[in-house]
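Visitor: With the first letter of the first sequence counted as 1, position 31 gets the number 654 in the numbering used here; the numbers rise by one all the way through.
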Amino acid sequence: MIQVSWQDEKASLPEGATFLDVKKAFGWKNDVLMVLVDGKPRELRDKVPGDCSVEPLTFRDEAARNALRHSTAHILAQAVKRLYPETRLGIGPSIEDGFYYDFDAPVAFGPDELEKIEEEMKRIISENEPIVREFVEKAEARKIFQERNEPYKLEILEEIPDGEPISIYRQGEFVDLCSGPHVPSTGYVKAMKLLNVAGAYWRGNEKNPMLQRIYGTSFMDQKELDDYLVRLEEIKKRDHRKLGKDLDLFSIEEEGGPGLVYWHPKGAIIREIIEDFWRKEHRKRGYQLVYTPHIAKLDLWKVSGHWNWYKENMYSPMVIDEVEYLLKPMNCPFHILIFKGDTRSYRDLPIKYGELGTVYRYERSGVLHGMLRVRGFTQDDAHIFCRPDQLEDELVGVLDLASFMLETFGYDEYYCMLSVRDPENKEKYIGDDEVWETAENALERALQRKGLNYKIDPGEAKFYGPAIDIKVKDAVGRLWQGPTIQVDFNLPERFDISYIGEDGEKHRPVIIHRTVLGTMERFIGGLIEHYAGAFPLWLAPVQMRVIPVSEKQSDYAQKVTESLRNQGYRVECDLGSEKIGYKIRKAQLEKIPYMLVVGSREREEGTLSVRHRSLGDLGTMRLDEFVEKAREEVEKKLLDSIFSVTR
RNA sequence: GCUCACAUAGCUCAGUCGGCAGAGCGCAUCCUUGGUAAGGAUGAGGUCACCGGUUCGAUUCCGGUUGUGAGCUCCA
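#1: Can you say whether Glu1063 is buried or exposed, counting buried as having 16 or more other CB atoms within 10 angstroms of its CB?
#2: Leu1187 and Val1169: beta carbons closer than 9 Å?
#3: State the Cα-Cα distance for the pair Pro784 and Met815, rounded to the nearest angstrom.
#4: Suppose you measure from the CA of Ser628 to the CA of Val671; what does that come to, to the nearest Å?
#5: Let's see if you can read the secondary structure: which residues bound the beta strand (DSSP E) around Cys675?
#6: Within its chain, find whatever has a CB closer than 6 Å to the CB of Lys1252; leave out the 5 residues flanking it on each side and keep chain order.
#7: Please list the terminal residues of the continuous beta strand (DSSP E) segment that includes Pro1081.
#8: Ile740 to Phe732, Cα distance in whole Å?
#9: Just to confirm the assignment, what range does the alpha helix (DSSP H) spanning Arg1234 have?
#10: In terms of residue numbering, what span does the beta strand (DSSP E) encompassing Arg756 cover?
#11: Shortest alpha-carbon distance to Tyr1034 belongs to which of Gln1104, Leu991, Glu1015, Gly989?
#12: Taking 9 Å as the cut-off, decide whether the C-beta atoms of Val1133 and Ile1215 are in contact.
#13: For the alpha helix (DSSP H) that contains Gln701, what are its first and last residues?
#14: Check whether the Cβ atoms of His863 and Gly1148 sit closer than 9 Å, and answer yes or no.
#15: My understanding is that Tyr976 touches His958, with C-beta atoms under 8 Å, so please give their C-beta distance in whole angstroms.
#16: In the DSSP assignment, find the alpha helix (DSSP H) that holds Ala648 and state where it starts and stops.
#17: Helix, strand or coil, according to DSSP, for Met1218 in the structure here?
#18: With a CB to CB cut of under 6 Å and the five nearest residues on each side skipped, what residues in its chain are close to Gly1156?
#19: Give me, in chain order, the residues of the same chain whose beta-carbon lies closer than 8 Å to that of Thr710; leave out the 5 immediate sequence neighbours on both sides.
#20: Do Val645 and Ile858 come within 9 Å of each other at the CB atom, strictly closer than that value?
#21: Taking the straight line between their C-alpha atoms, what separation do you get for Val1220 and Gly890?
#22: Looking at C-alpha atoms only, which residue of Tyr707, Trp651, Phe842, Glu898 is the closest neighbour of Glu719?
#23: Starting from the N-terminal side, write out each stretch of the alpha helix (DSSP H) that is 4 residues or longer and does not extend beyond the region 837-906.
#24: To the nearest angstrom, how far is it from the Cα of Pro774 to the Cα of Thr981?
#25: Tyr1077 and Leu1041: beta carbons closer than 9 Å?
#26: Return yes when the Cβ of Ile698 is within less than 9 Å of the Cβ of Ile747, no when it is not.
#27: Mind checking Asn689: buried by the 16 CB within 10 Å criterion, or exposed?
#28: As a quick exercise: from Glu1201, Glu1195, Lys1182, pick the residue whose alpha carbon is nearest that of Leu1246.
#29: Output needed for Arg1270: all residues of its chain with C-beta closer than 6 Å, excluding positions within five of it in sequence on either side, in chain order.
#30: Cβ atoms of Met937 and Tyr948: under 9 Å apart, would you say?
#31: Excluding the five sequence neighbours on either side, which residues of its own chain have a C-beta within less than 7 Å of the C-beta of Ala1025, listed in chain order?
#32: To which residues of the same chain is Arg996 closer than 8 Å at the C-beta, ignoring the five residues directly before and after it?
#33: Whole angstroms is fine: what's the gap from Val1250's alpha carbon to Phe1158's?
#34: List the endpoints of the continuous beta strand (DSSP E) containing Tyr569.
#35: Let me know if Gln845 comes out buried or exposed under the rule of 16 or more other beta-carbons within 10 Å of its beta-carbon.
#36: Kindly indicate which three-state DSSP category Ala728 falls into: helix, strand or coil?
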């Protein structure tokens, strides 16, 4: 007999019992998909290895959720094989929020095919086929997949070291090479949907054949699936490309070329405010702001090394007076030239050059995406030239600036990744051990001093130095690339820059490349989605709109508008002949923070009826009362209306 | 760049199994002067992305180009 315990309950089971028996013994419900045995997840069909304590795992646990989705991927593959037997199977893992399976199929899967496949999947689910694991010898596995004519499976099989048992899964007539884990039978999948098809290279390599990848998701009940689909819709509504058009923020013009952004007046004002804020904050923190050219001689890019390792992303040279010039893909060589233009003392350091530098990079056509992935963009770039002993303090300063900026925009959850050398391959990095160690330690201590949680990524460092990458979480829980801080030992060498130390000798400074917002395009594109287009008052292109109830109040409305405009607000007056309900709806759809309704009452009393886009009617107040509130809301860069806290 | 899909009015989208194109919103003019998410009427707007081919005839079918989307790969 085997003794199994769960919390304070115990059960005795015969030898050879499985966790399905454990499940029954403890009376667990059907939402239990896997078990945790001594801290390790096991599938329910596994035999109980001996006396142990167990914990049930449900859909809420990542391991169990992945197992369910992975099993759904197998159901998808089974359905495809039933409908299109000529199909060759690629791989089909679970992914965040769902699963996919790659197929080399004789037909192109379109919406009609997906529908048919989905129906077949539902049939397989209702058949409730047991999903059973088997371990076989490699030769046996080879035979199985040769018979089934599955070249991709055989390719994977051959990469498994000899002698290792091969794990395969069977459900009905379907067999897959798979290390699991899975749920016990196809009936466990209660709600599923296929979402889309896209091409995907076999094993992600563009030299390999392109397979058709079907994406889908599954849940334990229909409601959860429906909620997920609603969430997808909500994300779609926030799409910066849609909102950018609706709110007239920016466009990309076919006549102008792909990946090149046109900032319309309303988008431009948002950018201008953010840039002003950025400049002010940088000056405050000891940065000196510079402007540099858009092109430079090819030779400069040879010195910097870009011509060698970044060539694919750079536009072809243009010849000016018989000399070749390149459009800049980065700002660093320019800042270095400014640094180099004078003899620097150790007393001068750190020197921090900042620039909102517009760069151009060739991006393959298929990767372009709204404002988030473009070919011409403006980086909020800066380079800190410092002594090695200053590195840590400077990094703390950058982290401090980064967190201040992120929080100002309402990104209050973010994750830091520390990219360090691959300890196995130290020779592929430039710079000696000692310098690397100093730098990596400085980065890590800086993170600790700021009290930030971080994950260390060994081997993720670039060849020229370690880095911190910060990922930020937006209002709907998605992660975005945020600030990056990159230590560089390479460019100081290449440009042979130096400072004179206390000893009167030349020393090599370290360069920190850092960006806080990333690029104006990507950052503001992300902000549009983060705010769902409803920019806080300090950023809103139109902050308030004065709405007269009828034309009789036009004069008063215009007076109010003018007064607000003179006080520095971005304000409009709606003198249209429509009714007030219509004007309010229009202002709502434009996501204007404040609507100031003025009718005959307000005109007589010299007041405003204030309405906020999300709080609704806020009642009547004097203009100076409203202005005082608005001023505070703007000055404090509040994310929500000031009336929502004081009301 | 690759695979698949898509491209019709300023916007969102119908439509023509091949016979010189439609709605709603928006815009203009007029009527209406109204109190917190759509008052009414009239009107203007399109080389149906571009270039070729098939056809008596192409917005529709075919090929190419450009652009866009979902992904792959890459990335700020």
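By construction, the Cβ of each residue, glycine as well, lies at the ideal position given by its N, Cα and C atoms.
Guide: In short, the structure shows the following:
#1: The count along the first sequence starts at 1 and reaches residue 1063 at position 440. Buried, since its Cβ has 16 or more Cβ neighbours within 10 Å.
#2: Translated into positions along the first sequence, residue 1187 becomes position 564. Translated into positions along the first sequence, residue 1169 becomes position 546. Against a cut-off of 9 Å, the Cβ pair of Val1169 and Leu1187 comes out as a contact.
#3: For the purposes of this step, residue 784 is identified with residue 161 of the first sequence, where counting begins at 1. For the purposes of this step, residue 815 is identified with residue 192 of the first sequence, where counting begins at 1. Cα to Cα, Pro784 sits roughly 35 Å from Met815.
#4: Looking up residue 628 in the first sequence gives position 5. Looking up residue 671 in the first sequence gives position 48. Going from the Cα of Ser628 to the Cα of Val671 covers about 12 Å.
#5: One-based indexing of the first sequence puts residue 675 at position 52. Unbroken beta strand (DSSP E) run through Cys675: 675-681.
#6: Along the first sequence, read from residue 1 onward, the residue named residue 1252 stands at position 629. When the five nearest sequence neighbours on each side are left out, the beta carbons in the same chain lying within less than 6 Å of the beta carbon of Lys1252 are those of Ile1265, in order along the chain.
#7: In the first sequence, counting from the first residue as 1, residue 1081 sits at position 458. Membership of Pro1081 in the beta strand (DSSP E) is indicated by the continuous run 1077-1081.
#8: Working through the first sequence from its first residue, we reach residue 740 at position 117. Working through the first sequence from its first residue, we reach residue 732 at position 109. Spanning the two alpha carbons is a distance of roughly 9 Å.
#9: The residue you call residue 1234 lines up with position 611 of the first sequence. Looking at the DSSP string, Arg1234 is not in any alpha helix (DSSP H); the run it does join, the beta strand (DSSP E), is 1230-1235.
#10: Counting from one through the first sequence, the residue named residue 756 turns up at place 133. First-last of the beta strand (DSSP E) with Arg756: 755-759.
#11: The residue you call residue 1034 lines up with position 411 of the first sequence. That would be Gln1104, whose Cα lies nearest to the Cα of Tyr1034.
#12: The residue given as residue 1133 occupies position 510 in the first sequence. The residue given as residue 1215 occupies position 592 in the first sequence. In this structure, Ile1215 does not lie closer than 9 Å to Val1133 by Cβ.
#13: The residue given as residue 701 occupies position 78 in the first sequence. Gln701 -> alpha helix (DSSP H) spans 685-706.
#14: What you label residue 863 is simply residue 240 of the first sequence in a count that begins at 1. What you label residue 1148 is simply residue 525 of the first sequence in a count that begins at 1. Yes.
#15: Counting from 1 along the first sequence, the entry for residue 976 is found at position 353. Counting from 1 along the first sequence, the entry for residue 958 is found at position 335. Correct: roughly 4 Å between the Cβ atoms.
#16: For the purposes of this step, residue 648 is identified with residue 25 of the first sequence, where counting begins at 1. Element bounds for Ala648: 642-648.
#17: Numbered from its first residue, the first sequence carries residue 1218 at position 595. Strand, per DSSP.
#18: On the first sequence, residue 1156 is found 533 positions in, with the first residue counted as 1. Correct list, in chain order: Leu866, Leu870, Lys1214.
#19: Against the first sequence, residue 710 aligns to sequence position 87. If we look at Thr710 and ignore the five residues flanking it on each side, its Cβ neighbours are Val703, Lys704, Phe726, Asp727, Ala728, Pro729.
#20: Within the first sequence, numbered from 1, the residue matching residue 858 stands at position 235. Within the first sequence, numbered from 1, the residue matching residue 645 stands at position 22. No, the pair does not count as a contact, with Cβ atoms beyond the cut-off.
#21: Translated into the one-based positions of the first sequence, residue 1220 becomes position 597. Translated into the one-based positions of the first sequence, residue 890 becomes position 267. Those two C-alpha atoms are separated by around 26 Å.
#22: Residue mapping note: residue 719 aligns to position 96 of the first sequence, counting from 1. Comparing Cα positions, the closest option is Phe842.
#23: Counting only unbroken stretches of 4 or more residues, the alpha helix (DSSP H) elements lying wholly within the region 837-906 are 845-861, 863-869, in sequence order.
#24: Position 151 of the first sequence, counted from the first residue, corresponds to residue 774. Position 358 of the first sequence, counted from the first residue, corresponds to residue 981. CA-to-CA, the gap between Pro774 and Thr981 works out to about 48 Å.
#25: Here residue 1077 refers to the residue found at position 454 when the first sequence is read from its first residue. Here residue 1041 refers to the residue found at position 418 when the first sequence is read from its first residue. In contact: Tyr1077 and Leu1041 (Cβ atoms closer than 9 Å).
#26: The sequence position of residue 747 within the first sequence is 124, counting from 1. The sequence position of residue 698 within the first sequence is 75, counting from 1. In this structure, Ile698 lies closer than 9 Å to Ile747 by Cβ.
#27: As a first step, residue 689 is located in the first sequence; it is residue number 66 there, counting from the start. Per the 10 Å Cβ criterion, buried.
#28: If you number the first sequence from 1, residue 1246 lands on position 623. Residue Lys1182 is the option with its Cα nearest to Leu1246.
#29: One-based indexing of the first sequence puts residue 1270 at position 647. Confidence at Arg1270 is low in this model, with a pLDDT of 47, below 50, so its placement is unreliable and no value can be given for it.
#30: Counting from one through the first sequence, the residue named residue 948 turns up at place 325. Counting from one through the first sequence, the residue named residue 937 turns up at place 314. Remark: C-beta atoms of Tyr948 and Met937 do not approach each other more closely than 9 Å.
#31: If you number the first sequence from 1, residue 1025 lands on position 402. Closer than 7 Å at Cβ, skipping near neighbours: Ile1093, Pro1106, Val1139.
#32: Within the first sequence, the letter at position 373 stands for residue 996. Excluding residues within five positions, the ones whose Cβ falls inside 8 Å are Gly882, Glu986, Val990, Arg1145.
#33: To locate residue 1250, count along the first sequence from 1; it is residue 627. To locate residue 1158, count along the first sequence from 1; it is residue 535. When only Cα atoms are considered, Val1250 and Phe1158 end up about 19 Å apart.
#34: Within the shown structure, residues of the chain are numbered from 624 to 1270, placing residue 569 beyond reach of any answer.
#35: Residue mapping note: residue 845 aligns to position 222 of the first sequence, counting from 1. Gln845 should be labelled exposed.
#36: Taking the first residue of the first sequence as 1, we reach residue 728 at position 105. Collapsing the DSSP output to three states places Ala728 in coil.
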